[in-house]
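Comments concern the structure below.
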Ligand code: 2P0
């Protein structure tokens, strides 16, 4: 028997992924960029046992056995086994069944990137167990949950959409299968800024509500791509240019530009959700109070010191530099005292690093 345990962090996007070109392969409509949090903070933990004596694959999530036949789990397992066979890695273990236990140390499905950490951890751990290079399997994590491919690396990570030369009509037969394999391998994540390069970057997460969200990201993004006209403008005109400006801001450690782009991208993502029909509302009154708070804080501070960003839920992620943390936290507890909407301003990810 072989047993492997892995830990994978969450990532918080500064240029958001929302919408797919291909639902099955999970090919995104646009590039996205995120920061990966430290594994000391919010993370998923997965243990995999492989044995020639097991008669079937099995999966436990947060202590409860769930079906291993969910399509996204099944595709990750079969792709990893296929790759191990191609690379002649893992020996007989590619034919052994596995028992997988996975858990998150933070609320699941509350818009806190739980599926990103979960699938990246699953793929990372099984890849290690089968002797594969985990830096080469982000395209497999992507097929579990799109944003999971970004949690395979530390620092700031860019997930690239399919290059236009690989876009093509699907037909039947071997040629089509070859094209789909090439398409799948081409949309992967890469680290663009190492965790050490901008070592003073910090992330604070304010948990406004840790209940599971009412509209899943998968359903929400399908509805947005079908109904929002603002979204078409976002994908084709805004995001390509914004990703380039974001990479430049990160390379130049230009916090003010980084922060402005981050806030504008969060705002536009939520505007697209509102432009969806019927609309999707992830932010609540407290989220909007955090937005007002950050803009006022930046005005009083005389420059852009803090950026907010919201994913598919009401919880706020704040990006800021280390020297702004004390003032931000002391001001925050005055704005949101213990008895108010954010009962405890949770400080979760004060630094980020690789797994
Ligand atoms: C992101 N989100 O870039 C964006 C911002 C939510 C808002 O990636 O359908 O859970 O599994 O590919 O990865 C959430 O999407 O969706 C997400 P699927 P996923 O972080």
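Numbering (this note's numbering), first residue to last: 1455 to 1809. All residues carry an ideal CB built from backbone N, CA and C; glycine is no exception.
Contacting residues, own chain, Cβ-Cβ under 7 Å from residue i (five flanking each side not counted)
{"i": "residue 1622", "result": "1633"}
{"i": "residue 1722", "result": "1688, 1692"}
{"i": "residue 1616", "result": "1475, 1481, 1637, 1640, 1641"}
{"i": "residue 1509", "result": "1551"}
For residue i: DSSP bridge partner residues
{"i": "residue 1515", "result": "1518, 1556"}
{"i": "residue 1482", "result": "1474"}
{"i": "residue 1488", "result": "1467, 1611"}
{"i": "residue 1661", "result": "Note: residue 1661 sits in no beta bridge, so no partner."}
Between the CA atoms of residue j and residue i - distance to the nearest angstrom
{"i": "residue 1717", "j": "residue 1676", "result": "23 Å"}
{"i": "residue 1541", "j": "residue 1759", "result": "48 Å"}
{"i": "residue 1745", "j": "residue 1552", "result": "46 Å"}
{"i": "residue 1610", "j": "residue 1513", "result": "31 Å"}
{"i": "residue 1511", "j": "residue 1702", "result": "45 Å"}
{"i": "residue 1608", "j": "residue 1683", "result": "34 Å"}
{"i": "residue 1643", "j": "residue 1713", "result": "22 Å"}
{"i": "residue 1459", "j": "residue 1586", "result": "15 Å"}
{"i": "residue 1597", "j": "residue 1533", "result": "9 Å"}
{"i": "residue 1787", "j": "residue 1547", "result": "53 Å"}
{"i": "residue 1749", "j": "residue 1715", "result": "14 Å"}
Residue i: CB within 7 Å of a non-hydrogen atom of the ligand 2P0
{"i": "residue 1490", "result": "no"}
{"i": "residue 1473", "result": "no"}
{"i": "residue 1600", "result": "yes"}
{"i": "residue 1765", "result": "yes"}
{"i": "residue 1467", "result": "yes"}
{"i": "residue 1583", "result": "no"}
{"i": "residue 1470", "result": "yes"}
{"i": "residue 1672", "result": "yes"}
{"i": "residue 1570", "result": "yes"}
{"i": "residue 1480", "result": "yes"}
Beta-carbon spacing of residue i, residue j below 8 Å
{"i": "residue 1630", "j": "residue 1481", "result": "no"}
{"i": "residue 1612", "j": "residue 1646", "result": "yes"}
{"i": "residue 1554", "j": "residue 1499", "result": "no"}
{"i": "residue 1592", "j": "residue 1573", "result": "no"}
{"i": "residue 1468", "j": "residue 1681", "result": "no"}
{"i": "residue 1674", "j": "residue 1603", "result": "no"}
{"i": "residue 1753", "j": "residue 1678", "result": "no"}
Neighbourhood of residue i by C-beta, 6 Å cutoff - its chain only, sequence neighbours within 5 removed
{"i": "residue 1457", "result": "1503"}
{"i": "residue 1776", "result": "1654, 1656"}
{"i": "residue 1704", "result": "1610, 1647"}
{"i": "residue 1577", "result": "1530, 1591, 1594, 1595"}
8 Å CB neighbourhood of residue i in its chain, flanking five on each side removed
{"i": "residue 1531", "result": "1511, 1522, 1552, 1580"}
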